[in-house]
Amino acid sequence: MFRKILIANRGEIAVRVMGACRKLGIAAVTVHSQADAAAPHALGADETHLIGPPPVAQSYLNIEEIIRAAVKSGAEAVHPGYGLLAENPEFARACERAGLVFIGPSPAAISSMGIKTEARRIMKEAGIPVVPGSGPLGTPEEAGKAAREIGYPVMIKASAGGGGIGMQMVEGPDVLEKSFNTCRARAQAAFGNPEIYLEKFIPGPRHIEVQVFADTHSNCIHLGERECSIQRRHQKIIEEAPSTLVGPEMRSRMGADAVRAARAIGYVGAGTVEFLADGEGRYYFLEMNTRLQVEHPVTEMVTGTDLVVEQIRVASGLPLSWSQEDVIIAGHALECRVYAEDPRSFRPSTGEITSLEFPRGENIRVDSGICPGYRVTPYYDPLLAKIIVRAGDRGGALELMREALDSTVIGGIKTNIPLLRDIVTHPEFAAGRITTDFIARHALA
Ligand code: MV4
Numbered sequence: 043m044f045r046k047i048l049i050a051n052r053g054e055i056a057v058r059v060m061g062a063c064r065k066l067g068i069a070a071v072t073v074h075s076q077a078d079a080a081a082p083h084a085l086g087a088d089e090t091h092l093i094g095p096p097p098v099a100q101s102y103l104n105i106e107e108i109i110r111a112a113v114k115s116g117a118e119a120v121h122p123g124y125g126l127l128a129e130n131p132e133f134a135r136a137c138e139r140a141g142l143v144f145i146g147p148s149p150a151a152i153s154s155m156g157i158k159t160e161a162r163r164i165m166k167e168a169g170i171p172v173v174p175g176s177g178p179l180g181t182p183e184e185a186g187k188a189a190r191e192i193g194y195p196v197m198i199k200a201s202a203g204g205g206g207i208g209m210q211m212v213e214g215p216d217v218l219e220k221s222f223n224t225c226r227a228r229a230q231a232a233f234g235n236p237e238i239y240l241e242k243f244i245p246g247p248r249h250i251e252v253q254v255f256a257d258t259h260s261n262c263i264h265l266g267e268r269e270c271s272i273q274r275r276h277q278k279i280i281e282e283a284p285s286t287l288v289g290p291e292m293r294s295r296m297g298a299d300a301v302r303a304a305r306a307i308g309y310v311g312a313g314t315v316e317f318l319a320d321g322e323g324r325y326y327f328l329e330m331n332t333r334l335q336v337e338h339p340v341t342e343m344v345t346g347t348d349l350v351v352e353q354i355r356v357a358s359g360l361p362l363s364w365s366q367e368d369v370i371i372a373g374h375a376l377e378c379r380v381y382a383e384d385p386r387s388f389r390p391s392t393g394e395i396t397s398l399e400f401p402r403g404e405n406i407r408v409d410s411g412i413c414p415g416y417r418v419t420p421y422y423d424p425l426l427a428k429i430i431v432r433a434g435d436r437g438g439a440l441e442l443m444r445e446a447l448d449s450t451v452i453g454g455i456k457t458n459i460p461l462l463r464d465i466v467t468h469p470e471f472a473a474g475r476i477t478t479d480f481i482a483r484h485a486l487a
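Quick note: the sequence shown uses our numbering, first residue 43, plus one each step.
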């Protein structure tokens, strides 16, 4: 087992990974920018290194500086968290070159899933249902031909995108060329890669993702699904496990498909296979995330696992701690993401945290990256904390979440807690009638 790990991230996830290191008796080294010298992930580490000025391009995305800190500290492995460098194959390769174990899959696995047309091709070949659609498209004429075959409406998406960034719905052939050019220009600007492709538009879909885990001894299992359909501008707000849409039969089919997807790319570590479900029992592969997800705690709560501890064990070469039969989904878990934003305008809110109180209780977990006196700046993701609850059933979890939200105090900045409260107390949400347009449909934003 490793003696020292460097955490190449910040905020709540850096703190979360530190907790797993503590459990395993591993020293945790963190990195911080000038804006984060007083952040919990810097103050709470066994050792922390200043890596640069506030902007991420000069600090948390500065591969050279992070590798330098890792080597200097004598760390044997690097945990990337999520976002930032977590799905950057260059970073995984730079770790390898420096003799550091990257806690995650191989650079090749990261690369193949980063290009969505490549991911779709691989999964289709592996026999996994993918959204009907095209390969990479070069010209509007090619796109027109593909769209006619698929049938309108269609979605145009960026190959290098993901998470809905840059995608556009196209109702019919008269607007296809315009959308094609817009999407292509946006893809080039956002990802430096103009490649785009088409998918059939799936109306009123649900976003359901399956947690998978593989080790270096050819074992691969799934840990059930998470429902992530409550989103705003492709930003998830509330996640839960299990999904109200998924029964035992669908779970084992989706789980088997997700495991097949992971095996198809020789996956190692924690991964997530995203599906779009149409509400009639059909589901389609959308993309695979080759990292630990923000919402991993809901899976941990219903399976009684620690996915970060397992990531570290697997990276050190140990076999998986569980077989498929060991994974039992019990009860219901919900996660609310607390963002630093104005609950009406959704504009980011910045300032010093003047007071802070989080709920406590046996079935309540709070993963947070802030403390009183910390200054929230506009440089980083506005996620402040995640409130996670568990109960025997969904109704109990909803009730406990409302109580947890009501006993949370964050002073000095604005947060989205009022919006979260509106959602968890909404009768339609309680009834499980969740769709991807829930917030807009119920005029909560
Ligand atoms: C779609 C879709 C309909 N048809 N693809 C948005 C986030 C990204 N993961 C994919 N997204 C979508 N892709 C096809 N072919 C509708 C969405 C979508 C969505 C999906 C899941 C959860 C919330 C959503 C909100 C808007 C659109």
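In this text, a Cβ means the ideal position worked out from N, Cα and C, and glycines have one as well.
Straight-line gap, residue i to residue j (C-alpha atoms, nearest Å)
{"i": "Leu462", "j": "Leu440", "result": "11 Å"}
{"i": "Gly123", "j": "Phe222", "result": "34 Å"}
{"i": "Lys114", "j": "Ala161", "result": "37 Å"}
{"i": "Gly175", "j": "Val196", "result": "9 Å"}
{"i": "His433", "j": "Pro178", "result": "Correcting the residue type first, residue 433 is Ala in the shown sequence and not His. Straight-line Cα distance between these residues: approximately 45 Å."}
{"i": "Ala84", "j": "Gly180", "result": "47 Å"}
{"i": "Val488", "j": "Val408", "result": "The structure shown does not extend to residue 488, since the chain is modelled only from 43 to 487, so the question has no answer here."}
{"i": "Tyr194", "j": "Phe233", "result": "27 Å"}
{"i": "Pro469", "j": "Thr72", "result": "43 Å"}
{"i": "Leu66", "j": "Gly86", "result": "16 Å"}
{"i": "Val57", "j": "Glu183", "result": "50 Å"}
{"i": "Asp423", "j": "Pro82", "result": "16 Å"}
{"i": "Ser153", "j": "Leu127", "result": "13 Å"}
{"i": "Arg190", "j": "Ile406", "result": "51 Å"}
{"i": "Arg350", "j": "Pro361", "result": "One point to set straight first is that residue 350 is Val, not Arg, in the sequence displayed. Approximately 14 Å, taken between the alpha carbons."}
{"i": "Val466", "j": "His484", "result": "13 Å"}
{"i": "Gly186", "j": "Ile192", "result": "10 Å"}
{"i": "Pro385", "j": "Gln230", "result": "32 Å"}
{"i": "Thr419", "j": "Thr286", "result": "37 Å"}
{"i": "Phe480", "j": "Cys262", "result": "34 Å"}
{"i": "Met292", "j": "Asn331", "result": "21 Å"}
Nearest residue (CA-CA) to residue i, options the options
{"i": "Thr258", "options": "Val380, Ile354, Gly61", "result": "Ile354"}
{"i": "Arg52", "options": "Ala487, Ala427, Ser154, Ile481", "result": "Ala427"}
{"i": "Ala112", "options": "Met296, Asn104, Leu142", "result": "Leu142"}
{"i": "Ala487", "options": "Ala473, Ile49, Asp464", "result": "Asp464"}
{"i": "Glu251", "options": "Val288, Arg275, Tyr102", "result": "Val288"}
{"i": "Gln253", "options": "Asp216, Ile476, Glu342, Gly359", "result": "Glu342"}
{"i": "Ala140", "options": "Gly125, Ser75, Met155, Gly116", "result": "Gly116"}
{"i": "Thr477", "options": "Glu316, Arg190, His249", "result": "His249"}
{"i": "Gly308", "options": "Ile371, Met155, Met292", "result": "Met155"}
{"i": "His121", "options": "His264, Ala79, Ala312, Arg436", "result": "Ala312"}
{"i": "Lys242", "options": "Asn261, Gln230, Glu213", "result": "Glu213"}
{"i": "Gly437", "options": "Cys413, Phe471, Val451", "result": "Phe471"}
{"i": "Thr347", "options": "Ser363, Leu334, Gln335", "result": "Ser363"}
Enclosing beta strand (DSSP E) for residue i [first to last residue]
{"i": "Phe471", "result": "It is not in any beta strand (DSSP E) - Phe471 instead sits in the alpha helix (DSSP H) that spans 469-472."}
{"i": "Asn331", "result": "325-331"}
{"i": "Cys270", "result": "262-274"}
{"i": "Asp409", "result": "406-410"}
{"i": "Ala229", "result": "Here Ala229 belongs to no beta strand (DSSP E); instead the alpha helix (DSSP H) covers 218-233."}
{"i": "Ser75", "result": "69-75"}
{"i": "Gln335", "result": "Note, Gln335: premise wrong, no beta strand (DSSP E); not H, not E."}
{"i": "Gln353", "result": "No beta strand (DSSP E) contains Gln353, which is instead part of the alpha helix (DSSP H) from 349-357."}
{"i": "Ala256", "result": "248-256"}
{"i": "His121", "result": "119-121"}
Same chain, Cβ closer than 7 Å to residue i, five either side skipped, listed in chain order
{"i": "Cys225", "result": "Ile198, Ala200, Gly208, Gln210, Ile238"}
{"i": "Ala119", "result": "Phe44, Ile47, Leu142, Val143, Ile145, Ala357"}
{"i": "Ala136", "result": "Ile105, Ile109"}
{"i": "Glu337", "result": "Arg268, Cys270, Lys278, Glu281, Glu377"}
Neighbourhood of residue i by C-beta distance below 6 Å, restricted to the same chain and skipping five residues each side
{"i": "Ala306", "result": "Ile164, Ala168"}
{"i": "Leu318", "result": "Ile244, Pro247, Tyr326, Leu328"}
{"i": "Val310", "result": "Pro147, Ala256, Thr258"}
{"i": "Pro96", "result": "Ser75, Gln76, Ala77, Tyr421"}
Check: residue i C-beta below 7 Å from any heavy atom of the ligand FMN
{"i": "Lys428", "result": "Only the ligand MV4 can be found as ligands here, which leaves the ligand FMN out of the picture."}
Start and end residues, alpha helix (DSSP H) containing residue i
{"i": "Cys137", "result": "131-139"}
{"i": "Ile465", "result": "459-466"}
{"i": "Gly156", "result": "149-156"}
{"i": "Lys187", "result": "182-192"}
{"i": "Cys63", "result": "53-66"}
{"i": "Lys114", "result": "105-115"}
{"i": "Phe480", "result": "480-483"}
{"i": "Asp303", "result": "The sequence given here has Ala at residue 303, not Asp. Element bounds for Ala303: 290-306."}
{"i": "Ala446", "result": "436-448"}
Neighbourhood of residue i by C-beta distance below 8 Å, restricted to the same chain and skipping five residues each side
{"i": "Lys158", "result": "Lys199, Ala200, Ser201, Ala202, Gly203, Gly204, Tyr239, Glu329"}
{"i": "Tyr416", "result": "Ala80, Ala81, Pro82, Glu394, Ile395"}
{"i": "Arg228", "result": "Ala200, Gly208"}
Short CB-CB distance (under 8 Å) between residue i and chain C
{"i": "Met43", "result": "Although the question refers to chain C, the structure presented lacks it and comprises just one protein chain."}
Would you check if there are 3 or more beta carbon pairs closer than 8 Å linking the segment 127-137 to the segment 147-161? yes
Is there contact here, the segment 435-453 with the segment 365-377, by at least three beta-carbon pairs under 8 Å? yes
Taking contact to mean at least 3 C-beta pairs separated by less than 8 Å, is the segment 451-471 in contact with the segment 395-412? yes
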